[in-house]
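Chemist: What follows is a structure written as structure tokens; I'll ask about it next.
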Amino acid sequence: MTDPSADLDLTRWREYDDLITDSLWLLGARDKSSTHVGDYWGNFVPQIPSQLIRRFTRRGDRVVDLFSGMGTTLIECRRLGRHGVGVELNPDVALRSRVRIGAAEVSVDATWQVLVGDAADPATAEAVRTALRPTGRDAADLLILHPPYHDVIKFGDDPRDLSNAPDEATFLALFERVAANAVALLRPGGHLGLVIGDVYAGGEWRPLGFECMQRCRNVGLTLRAINVKDIQGNVRGKGQATNLWRYRALKLGTYVFKHEYVMVFRNR
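To get this note's numbering, take the position in the sequence shown, counting from 1, and add 1.
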């Protein structure tokens, strides 16, 4: 019998050969179908929300992305027939994302909204709950978090933006508030996907991914998987696609970032 939260038929399990069940995710080039465009700093590849949505939700379920950016998750929600609510701090980015999401093809009727708000603010969580109520339930079945990797990329001047946190401790405290809001929005037994990477600062590899993982555990989430995802191409802010960075790695005795994490949690 399949997980009741997943839109899968295990009597036909061999047909799902594109669904990843291993902890090493070699996703390759960015999916550029539908209205997906990799033109926004920090956008994750559409394959990530697609995998999570198909594994952990059914058609008609509810998906929330608290760092929705240019709408990658909500585009996949429209394609896969899930209700989607996104939260974006920057009003201009939210406006642009609405245009892109609205132009995506739709498999079945599914509602979507992009709210402007601070993911760490409990008032934002209540606004998300209000947005979900017309779908018949005010809790998410799947919640996705793709926060800034502290200050690797600056996303704006708003002091509430996690990329503007003055130090790592402040960043992690703010992220834990976001995680607490996520738990408040997630139904019992629902899943959360955290997409995060590490950083290099002060001559030291900083395990930001694992620090964020622990904050999710602190708020009551159960860790189900740590998946390692390959980074393809030249990612701004990490600069790993040049011979210069390879030379520096050899010179300094370091390693070039070529992976991120897709961590999966379950709400108790």
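Ideal Cβ placement from N, Cα and C applies to all residues, glycine included.
As the structure is a computational prediction, the values presented were derived from the model and not from experiment.
1) By the three-class DSSP mapping on this structure, what secondary structure does lysine 33 have?
2) DSSP three-state call for threonine 171: helix, strand or coil?
3) Since aspartate 152 and leucine 90 should fall inside the 8 Å C-beta cutoff, what is the C-beta to C-beta distance between them, to a whole number of angstroms?
4) Within a Cβ cutoff of 6 Å, which residues of the same chain sit near arginine 178, ignoring the five residues on either side of it in sequence?
5) Evaluate the contact criterion for the region 13–31 versus the region 97–107: three or more CB pairs, one atom per stretch, below 8 Å.
6) Let me know if glycine 85 comes out buried or exposed under the rule of 16 or more other beta-carbons within 10 Å of its beta-carbon.
7) Is aspartate 122 near the ligand COA, in the sense that its beta carbon is under 6 Å from a heavy atom of that ligand?
8) I believe aspartate 119 touches valine 64 by the beta-carbon criterion, under 8 Å. Please report the beta-carbon distance rounded to the nearest angstrom.
9) Please specify which runs of the beta strand (DSSP E), each continuous and at least 3 residues long, are wholly inside the region 81–132, giving them in chain order.
10) Within a Cβ cutoff of 6 Å, which residues of the same chain sit near alanine 105, ignoring the five residues on either side of it in sequence?
11) Please identify the residue among Asp199, Tyr256, Val263, Ile232 whose C-alpha is closest to the C-alpha of glutamine 52.
Modeler: On the basis of the data shown:
1) coil
2) helix
3) Not really, about 15 Å apart at Cβ, beyond 8 Å.
4) Ala121
5) no
6) buried
7) Summarising the ligand content, the structure contains no ligands, and the ligand COA is consequently not present.
8) Wrong, their Cβ atoms sit about 20 Å apart, outside the cutoff.
9) 84–89, 113–117
10) Ser35, Thr36, Ile76, Arg79
11) Val263
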